[in-house]
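Enquirer: One gets UniProt numbering by counting positions in the sequence shown from 1 and adding 2 to each.
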Amino acid sequence: FILGVARERADGERRLALTPETCKKLVAAGAQVRVERDAGTGIGVTDEAFAEAGAQLVGDANAALGDADVVLCVQPPSAEAIAAMKQGAVLVGSLQPESDPARAEALRARGIVAFPLEKLPRTTRAQAMDVLSSQAGMAGYKAMLIAAQLAPRFFPMLTTAAGTIRPSKVLVVGAGVAGLQAIATAKRLGAQVEGFDVRPETREQIESLGGKFLDLGVSAAGEGGYARQLTDEERAEQQRRLGEHLKNVDVIVCTAAVPGRPAPKIVSAAMVAGMKPGSTIVDLAAETGGNCELTKPGETINANGVTIAGPLNLASMGAFHASEMYARNAFNFVSLLLKDGALAFDWDDELLAKTVWPPRPQPETAAA
Ligand code: NAD
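Printed below as a string of structure tokens:
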């Protein structure tokens, strides 16, 4: 089978869903790999490196995608990319098919068998393919480094000839994959770190990283290991306790999310007004609207002396390692689609059946 990878064309996207490492593995698994020239520029991988890994380098996206049975990508494909793909091809990546009706229509019209990796069930077996986790790890790491960069203070405690410097007090809002990596990063930089989440099991995870669990008296574990939305009463209680606490925090990194919904608003304008001037907020949830009421996605603003940054696509900032992980995730998923070097779909495998888009009719539904 032919596997194609075009250069990522979305603004600011430096990652790629293929590395020389996974290219070699795909060739060994029976693929003819076609890569568009310069596709690896954002991760410092030359065309020669891909050629050495067994890829055929081609001049443009049409040549990379036109005959491909399988296409790998990071960002959702453009209309041109979909038009370049052959009828019935397999597409694997962060596709968000529902987020753009025109894209959904184009994919359907071309009969593309799409596997949006963000839809993978979050089971133990799926972890090796879980791009949400691998990319969130990089995003959490970068968010904390941006906070350290913007803050007008040291993170660690220092004993100097000019006296003692107190360590920064850092709070991480939301302790999923990104939040835990942010906590670990702040801890390594020597800050005093606290984290909170509505899922009670995060207490132990935060503590195991050397952080302190901030108990706001709200617990809201939902389905599939994710959080559910809070009730109005729960939210009010969380808000009251948090507002009090933030008066003493130097740095906040926000990472809270509820799947398929805008980011929960957790840090209100009134809370920001109560914070010390010189405090810093980095809102990794900016992509879905932000956890802070004042966040402007893609911008860094100053609100009464509090710096609030809403950086976008943080994973792309760490494109090299983010791509290394993404490409392995994608390779592991493609491996599920292969039998003896050829494409073969085992629809009894829930990782395929639950991820494929358009969704397959469920057996129960079909019978009804
Ligand atoms: P996410 O990005 O959807 O959310 C980030 C965090 O925000 C979550 O921990 C969530 O509980 C928290 N949150 C939501 N609303 C909040 C609120 N109002 N206040 C405070 N916190 C709030 O989640 P994620 O990081 O992608 O994954 C969440 C969890 O899913 C992981 O920590 C893990 O336990 C589980 N998971 C399991 C697997 C697996 O087994 N394959 C893989 C990935 C994640």
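Beta carbons are placed, not taken as given, at the ideal position from N, Cα and C, and that holds for glycine. From a predicted model like this one, the values you see are computed outputs, not experimental measurements.
Out of G42, Q98, I114, A287, point me to the one whose CA is closest to P266's CA.
Expert: What you label residue 266 is simply residue 264 of the sequence shown in a count that begins at 1. It is A287 whose Cα lies nearest to the Cα of P266.
Enquirer: How would you write the range of the beta strand (DSSP E) that D285 sits in, first residue to last?
Expert: As a first step, residue 285 must be located in the sequence shown, where it is residue number 283. Where D285 is concerned, the enclosing beta strand (DSSP E) stretches over 282 to 285.
Enquirer: I45 and L74 - do their beta-carbons sit closer together than 8 Å?
Expert: On the sequence shown, residue 74 is found 72 positions in, with the first residue counted as 1. On the sequence shown, residue 45 is found 43 positions in, with the first residue counted as 1. For L74 and I45, no; Cβs fall outside 8 Å.
Enquirer: By the 10 Å Cβ neighbour count, where 16 or more other Cβ atoms means buried, how is I114 classified, buried or exposed?
Expert: Your numbering for residue 114 matches position 112 in the sequence shown. It counts as buried.
Enquirer: Is there at least one non-hydrogen atom of the ligand NAD closer than 7 Å to the beta-carbon of T187?
Expert: To locate residue 187, count along the sequence shown from 1; it is residue 185. No, the beta carbon of T187 sits no closer than 7 Å to any heavy atom of the ligand NAD.
Enquirer: In this structure, what does DSSP give as the bridge partners for D94?
Expert: Numbered from its first residue, the sequence shown carries residue 94 at position 92. The sequence given here places Val at residue 94; Asp does not occur at that position. DSSP lists L74, F117 as partners of V94.
Enquirer: Please return the same chain residues whose Cβ sits closer than 7 Å to the Cβ of E100, not counting the five positions on each side in sequence.
Expert: Taking the sequence shown and counting its residues from 1, the one referred to as residue 100 is at position 98. So the qualifying residues of the chain are A106.
Enquirer: Whose C-beta lies closer than 8 Å to the C-beta of residue 2 among residues of the same chain, with five residues either side of it excluded?
Expert: The first residue shown for the chain is 3 and the last is 370, placing residue 2 beyond what the model contains.
Enquirer: Could you tell me which of T48, Q34, P103, D40 sits nearest to A57, measuring between CA atoms?
Expert: As a working note, residue 57 is residue 55 in the sequence shown. Selection T48, Q34, P103, D40 evaluated against A57 yields Q34 as nearest (Cα-Cα).
Enquirer: Would the beta-carbon of V255 be found less than 7 Å away from any heavy atom of the ligand NAD?
Expert: One-based indexing of the sequence shown puts residue 255 at position 253. No, the Cβ of V255 stays beyond 7 Å of every heavy atom of the ligand NAD.
Enquirer: Using a 10 Å radius around the Cβ and a threshold of 16 neighbouring Cβ atoms, would you call P123 buried or exposed?
Expert: Taking the first residue of the sequence shown as 1, we reach residue 123 at position 121. By the neighbour-count rule (16 or more Cβ atoms within 10 Å), P123 is not buried but exposed.
Enquirer: Could you have a look at Q194 and say whether DSSP puts it in helix, strand or coil?
Expert: For the purposes of this step, residue 194 is taken as the residue at position 192 of the sequence shown. Looking at Q194 - three-state DSSP - the assignment turns out to be strand.
Enquirer: Any heavy atom of the ligand NAD closer than 7 Å to the Cβ of T126?
Expert: One-based indexing of the sequence shown puts residue 126 at position 124. Indeed, a heavy atom of the ligand NAD lies less than 7 Å from the Cβ.
Enquirer: With distances taken between CB atoms, is the gap from T21 to A223 smaller than 8 Å?
Expert: Stepping through the sequence shown from its first residue, residue 21 is reached at position 19. Stepping through the sequence shown from its first residue, residue 223 is reached at position 221. Going by C-beta atoms, T21 is not nearer than 8 Å to A223.
Enquirer: Can you tell me whether K144 is helix, strand or coil according to DSSP?
Expert: Position 142 of the sequence shown, counting from 1, holds the residue named residue 144. If DSSP states are grouped into helix, strand and coil, K144 belongs with the helices.
Enquirer: Distance, Cα to Cα, A368 vs K278?
Expert: The residue given as residue 368 occupies position 366 in the sequence shown. The residue given as residue 278 occupies position 276 in the sequence shown. Its pLDDT being 49, under 50, A368 is placed unreliably by the model, and the measurement read from it follows with that caveat. Whole-angstrom Cα-Cα distance: 59 Å.
Enquirer: If you follow the alpha helix (DSSP H) that E107 is part of, which residue opens it and which one closes it?
Expert: As a first step, residue 107 must be located in the sequence shown, where it is residue number 105. 103 to 111 is the extent of the alpha helix (DSSP H) around E107.
Enquirer: How many angstroms separate the CA atom of V179 from the CA atom of V269?
Expert: As a working note, residue 179 is residue 177 in the sequence shown. As a working note, residue 269 is residue 267 in the sequence shown. Straight-line Cα distance between these residues: approximately 20 Å.
Enquirer: According to DSSP, T302 sits in a beta bridge with which residue or residues?
Expert: For the purposes of this step, residue 302 is identified with residue 300 of the sequence shown, where counting begins at 1. According to DSSP, T302 shares a beta bridge with A311.
Enquirer: Under the three-state reduction of DSSP, which class applies to K27: helix, strand or coil?
Expert: What you label residue 27 is simply residue 25 of the sequence shown in a count that begins at 1. Three-state DSSP puts K27 in a helix.
Enquirer: Using a Cβ-Cβ cut-off of 6 Å (strictly less than) and excluding sequence neighbours within five positions of V255, which residues of its own chain qualify?
Expert: Translated into positions along the sequence shown, residue 255 becomes position 253. Cβ neighbours of V255 beyond the five flanking positions: A145, M146, A149, V174, A184, V284.
Enquirer: Could you tell me how far apart the beta carbons of A104 and L67 are, in whole angstroms, since I believe they sit closer than 8 Å?
Expert: As a working mapping, residue 104 is identified with position 102 in the sequence shown. As a working mapping, residue 67 is identified with position 65 in the sequence shown. Rounded to the nearest angstrom, the Cβ distance from A104 to L67 is 18 Å, too far for a contact under 8 Å.
Enquirer: Can you tell me which of the three DSSP states R11 falls into?
Expert: For the purposes of this step, residue 11 is taken as residue 9 along the sequence shown, with counting starting at 1. Coil, per DSSP.
Enquirer: Does the beta-carbon of F3, which I'm using as the reference point, lie nearer than 7 Å to any heavy atom of the ligand NAD?
Expert: Numbered from its first residue, the sequence shown carries residue 3 at position 1. Incorrect: F3 has no Cβ contact closer than 7 Å to the ligand NAD.
Enquirer: From L109 to T297, what distance separates their C-alpha atoms?
Expert: For the purposes of this step, residue 109 is taken as residue 107 along the sequence shown, with counting starting at 1. For the purposes of this step, residue 297 is taken as residue 295 along the sequence shown, with counting starting at 1. Computed Cα separation, rounded: 34 Å.
Enquirer: Could you check if W359 is buried or exposed, using at least 16 other CB atoms within 10 Å of its CB as the buried criterion?
Expert: The count along the sequence shown starts at 1 and reaches residue 359 at position 357. Result: buried.
Enquirer: Residue range of the alpha helix (DSSP H) that V274 falls in?
Expert: Taking the first residue of the sequence shown as position 1, residue 274 is located at position 272. Its alpha helix (DSSP H) spans residues 271 to 276.
Enquirer: Taking A193 as the reference, give the member of E206, K214, D351 with the closest Cα.
Expert: Taking the first residue of the sequence shown as position 1, residue 193 is located at position 191. Considering only alpha carbons, the answer is K214.
Enquirer: Pull up the distance between the alpha-carbon of A370 and that of A86, whole angstroms please.
Expert: The count along the sequence shown starts at 1 and reaches residue 370 at position 368. The count along the sequence shown starts at 1 and reaches residue 86 at position 84. Note on A370: pLDDT 42, under 50, position unreliable in the model; no value is reported.
Enquirer: Taking the beta strand (DSSP E) that R36 belongs to, which residues open and close that run?
Expert: The residue labelled residue 36 in the question sits at position 34 within the sequence shown. From DSSP, the beta strand (DSSP E) with R36 extends over 34 to 38.
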